[in-house]
Amino acid sequence: MFRFAIKNMLIKKIQIILIILSIVLSAGVGVLAYNVGEQVSDGISGTAGYYSAIIGPSGSATQLAMNTMYFTDEPLGTIPYTLVTELMQDTRVNEVIPFAMADSYNGSSVVGTTTGFLSSKTVGEGRLFDDHGEFEVVVGWSVAQMNELKVGDQLYTSHAAGDVHTQPLTVVGILEQSHTVYDNVVFTQLQTIWQVHDHGEEEHTEEEHEGEEEHDHSTHGMICAVLVKTKNPGYAMTLVNDYDGKVFSTADGESYSLQAIEPMATVRGVLEDTDNTKYIVFILCAIILLMNIIIISIITLLNMYHSAKEISLMRLIGISMKKINLLYLIQNSLIGLVSTVLAFGVSRVCLLFMGDYVASMGVVLNLATVYPMEWILLVAVFLISVLPTVVCTVLMSGRDGLAD
Amino acid sequence: MIEVIGVSKQFKNETAIDYRDMIFENGKSYMLLGASGCGKSTLLNMIAGILSAEQGKILIDGVNMSEKSQREKDRFRIEKIGYIFQDFKLIPDMTVMDNINILRLEGVDTSRAPALLKTLDIYEQRNKKIKHLSGGQKQRVAIVRALVKTPDIILADEPTGNLNFAIGEQVIQQLTSVAKGKTLIAVTHDDRLAKYFDVVVDMNEMTDGGRRDLVDGKEGA
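Protein chains in written order, with the numbering used here: chain A, -7 to 396; chain B, 291 to 511.
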C-alpha cells in the first residue's frame, strides 16, 4: 500500500511539489515569525531585568537602555567616573558597574567595565580580566570564532573614526556561547579603554593635526553610564527619582546633566511596539496560512475529483473504497509530513540568515530554540493537509456502490 | 455454473432489457454476439456485480449475487472474476507491472504476472508506462491483469473492439488459450472470431432484440 502510494504520488510529482511548496512557504513563514518574535522578546526582557537602574547622560532613555544592555546604538555621551564613587557610598545600592563603549574590534563593540558586568556569564576558556590590570580582554564566543582568537592572542581595537590603536590587548579569556548579545562583544578594563584612547589621541594630535587648534578628546576618567543593582526593588524607584534630571558637578567645576531609568520599564515600552509588530506579522501569516489552507483544500479536492477516473477504475477491478481511501490518506499524510518537516527546516534556515540582522538589534537568535506554539502550528499544518482527504473519504463513503 | 434467471435491467434513459434465462457452464468459453445496445455488456456487468438487476437473479455456483452487498460483490469480483474491459481500464501513467500489482492492495498474489506476460509476448514491456504501449499491447496487459489472480470466471467486454482484425484475432487466440479450463464469456461484434469459442450466443435472441421503452419510467401494461 505504502509503495503504491509513493508510486502514485510520483506520477503527479509536479502537482505534489506545488502543493508541498505552498504549504512549506506559508507554514515556514508563520513559524519563523513566531519564533523570531518570541526570541527577540525573551532576549530583550531577559537582559533588562538584570539591573535595577541605569544612570547616564541626559537624552533618549531608550538609547541609554539599548546601548548599555544590548550594545546597540551610540552612547549618549560621557559622565565622570566620580559618579560611580558617589553611588558606591549610597546605602540603597548593592552593586555599581561602570560602562564605557568607545572602540570596536572587527565590527564588534569594545566595552570597558568591571568583572561584575560579566558575573552572570561563564568563561569557557582562560579567565576574566583583572579589574586592576591593563590591556587584557575577554572576548565573546562569536568574536573568538569569527576572528579565530584563542587565549594568549593579541588584538588591536580601533576608534570609531576607523583609526587602529597601536596598543595591543591580550586575550585572557573567551566566554562560553550564551546565544545573547554578549557573544559579539569584547570586554576589557575601564583603565584599558582610557589608556588606549589617551595614547591614540596623543599620536593623533601629534602626527596628523599639527598646527590645528588642540581640543580635549581625553576620555580619561569618563564613562558612558553606570549600571546599578539596588539592595531591594523598592530602592530602584527612589534612586531613579533622585538622579533623573540631576546635574552632577565634579571637583574641577564641570557639570553634567544626568538621566536615570528603570531598564525594565524602558524596555517594556520598546517591547510593546515590538509586540504590536510581532502580532501584525503573526496575523498576516495567519491570513496567508488560512488562504493556503483554502487553496490546498481546493487543490486536493480537485485532485481527488480528477482522480475520480482512477478511483472508478480501481473500483471496477474490485479494489474496495476503504483501500482507495486509505491509499489517498497515506498520500496526503506523506505530503503533510514532508511539508511540515520542510517548513520547520525552512524556518531554521531563515533564522540562520536573520541572525546577523537580529544580532544588530542586540539579540542573538538560537536555532535550537523551539517554542511549544511552533509545534502546535506544525501539527495543525499537518492535520490541515490531511483534512481534505478525510472530507473526501466521508463524501465518497456515502456512495460506496458502483453507479449504474 | 452461472445461471441468469428472469433478469430485467432498467436504465436511467427509461429503457429496459429483459433477458431470457441462460446457463453458462463451468470450463466452457462463450462468445456473446449481437447488435449494439442489445445488453451484452450489461449482462457481463451484472455477472461481475458492477451493475445490479431490478428483477430476477443471477446465480453463480448456486449463490444469488443479487442478494449480496456491494462490498461482498467487490470481494467476489476481486477473488473469482477476471474482467477484461473494452477500453482496458489501465492507469496510463503507471507501468505495466504497477497496473497489475495494483491488485496487491486487495491482497491478490500477482507472482504469476511475469509468466503470463511472457506467454502473451509482453514481458519486455513490463517496465514501460501504459501510455507508451500500442492498443494490442494494452489489451494483453489487461488480459494478464484479469488472469493473474487465476479467476474461475473470465469476462471480456469487446476485447478486440479497439484492435484491427489481425491483432484482435491474435489476442482472442491467446485469451482462449490461457483461459482454457475456465469459464470465459466474451462479448464481441466480430463473428469471424467464433471459431475460437465453444459456444456462440446470439444476444439479439436472448433479449428479444434488446432494449424496450418504459412508459413514464415504469413497466408498461
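Glycine included, each C-beta is placed from N, C-alpha and C at the ideal position.
Please read these numbers as outputs of a predicted model, since none were measured by experiment.
Interface flag, residue i vs chain A, CB-CB below 7 Å
i, result
"B:Asp351", "no"
"B:Ala306", "no"
"B:Lys379", "yes"
"B:Glu344", "no"
"B:Leu333", "no"
"B:Asp367", "A quick correction: the sequence has Arg, not Asp, at residue 367 of chain B. So, interface residue."
"B:Asp488", "no"
"B:Glu448", "no"
"B:Leu437", "no"
"B:Leu406", "no"
"B:Asp364", "yes"
"B:Asp399", "no"
"B:Val294", "no"
"B:Leu483", "no"
"B:Glu357", "no"
"B:Glu414", "no"
"B:Leu445", "no"
7 Å Cβ cutoff, residue i in contact with chain B
i, result
"A:Ile311", "yes"
"A:Lys315", "yes"
"A:Leu343", "no"
"A:Leu13", "no"
"A:Leu294", "no"
"A:Lys(-1)", "yes"
"A:Leu321", "no"
"A:Leu412", "Any answer about residue 412 of chain A is impossible in this case: the structure gives chain A only from -7 up to 396."
Where residue i meets chain B, residues with beta-carbon distance less than 8 Å
i, result
"A:Phe(-6)", "Correct list: empty, because the minimum Cβ distance to chain B is about 11 Å."
Proximal residues of chain A, C-beta to C-beta of residue i below 7 Å
i, result
"B:Leu474", "Neighbours of B:Leu474 on chain A: none; closest Cβ ~18 Å, over 7 Å."
Range of the contiguous beta strand (DSSP E) that encloses residue i
i, result
"B:Glu293", "292 to 300"
"B:Met312", "312 to 314"
"A:Glu254", "Unbroken run through A:Glu254: none, as it is neither H nor E."
"B:Lys347", "345 to 350"
"A:Leu167", "161 to 167"
"B:Ile462", "Segment 455 to 468 is the alpha helix (DSSP H) holding B:Ile462; no beta strand (DSSP E) there."
"B:Ala306", "305 to 308"
"B:Ile374", "371 to 374"
"B:Ala446", "443 to 447"
"A:Pro49", "45 to 49"
"A:Ala217", "217 to 222"
"A:Phe(-4)", "Note, A:Phe(-4): premise wrong, no beta strand (DSSP E); alpha helix (DSSP H) at -6 to 3."
"A:Glu117", "115 to 118"
"A:Val130", "128 to 131"
"B:Leu407", "That residue, B:Leu407, is in no beta strand (DSSP E); its alpha helix (DSSP H) goes 403 to 409."
Range of the contiguous alpha helix (DSSP H) that encloses residue i
i, result
"A:Ile89", "No alpha helix (DSSP H) holds A:Ile89; the beta strand (DSSP E) holding it covers 85 to 97."
"B:Phe487", "Unbroken run through B:Phe487: none, as it is neither H nor E."
"B:Lys428", "425 to 437"
"A:Thr60", "53 to 62"
"B:Val477", "Segment 473 to 477 is the beta strand (DSSP E) holding B:Val477; no alpha helix (DSSP H) there."
"A:Tyr235", "225 to 235"
"B:Pro382", "Here B:Pro382 belongs to no alpha helix (DSSP H), and DSSP marks it neither H nor E."
"A:Ser304", "300 to 308"
"A:Leu357", "A:Leu357 -> no alpha helix (DSSP H), and no H or E assigned at all."
Within chain A, partners of residue i - CB distance below 9 Å
i, result
"B:Tyr373", "Leu308, Ile309, Gly310"
"B:Met384", "Lys(-1), Asn0, Ile3"
"B:Leu395", "Met(-7), Phe(-4), Met306, Ile311, Ser312, Lys315, Ile316, Leu318, Leu319"
Beta-carbon neighbours of residue i, restricted to chain B and to distances below 7 Å
i, result
"A:Lys5", "The premise fails here: A:Lys5 is roughly 10 Å from chain B at the closest Cβ pair, so nothing lies under 7 Å."
"A:Glu302", "Ile381"
Where residue i meets chain B, residues with beta-carbon distance less than 9 Å
i, result
"A:Leu418", "In this structure chain A extends from -7 to 396, so residue 418 of chain A is not present and cannot be described."
Counterpart residues of residue i in DSSP-defined beta bridges
i, result
"A:Gly104", "A:Ala92, A:Thr180"
"B:Ala338", "In the DSSP output, where bridge partners are listed per residue, B:Ala338 has none listed."
"A:Leu147", "A:Leu161"
"A:Val173", "Bridge partners of A:Val173: none, in fact."
"A:Pro408", "As shown, chain A starts at -7 and ends at 396. That puts residue 408 of chain A outside it, with no answer to give."
"A:Val156", "A:Ser150"
"A:Tyr248", "A:Phe240"
"B:Leu322", "B:Val477, B:Val491"
Test: residue i CB closer than 7 Å to a CB of chain C
i, result
"A:Ala300", "In the structure shown, chain C cannot be found, because the protein chains are A and B."
Neighbour list for residue i in chain A, Cβ cutoff strictly below 8 Å
i, result
"B:Asp388", "Phe(-4), Lys(-1)"
"B:Ile392", "Phe(-4), Met306, Ile309, Ile311"
query: Hey, is the region 318 to 333 of chain A in contact with the region 0 to 18 of chain A, meaning 3+ C-beta pairs nearer than 8 Å?
result: yes
- prompt: Are the region 436 to 451 of chain B and the region 368 to 380 of chain B in contact at 8 Å, needing three or more beta carbon pairs?
  reply: yes
message: I'd like to know if the region 393 to 408 of chain B and the region 428 to 438 of chain B are in contact, where contact means that at least 3 CB-CB pairs between them fall below 8 Å.
response: yes
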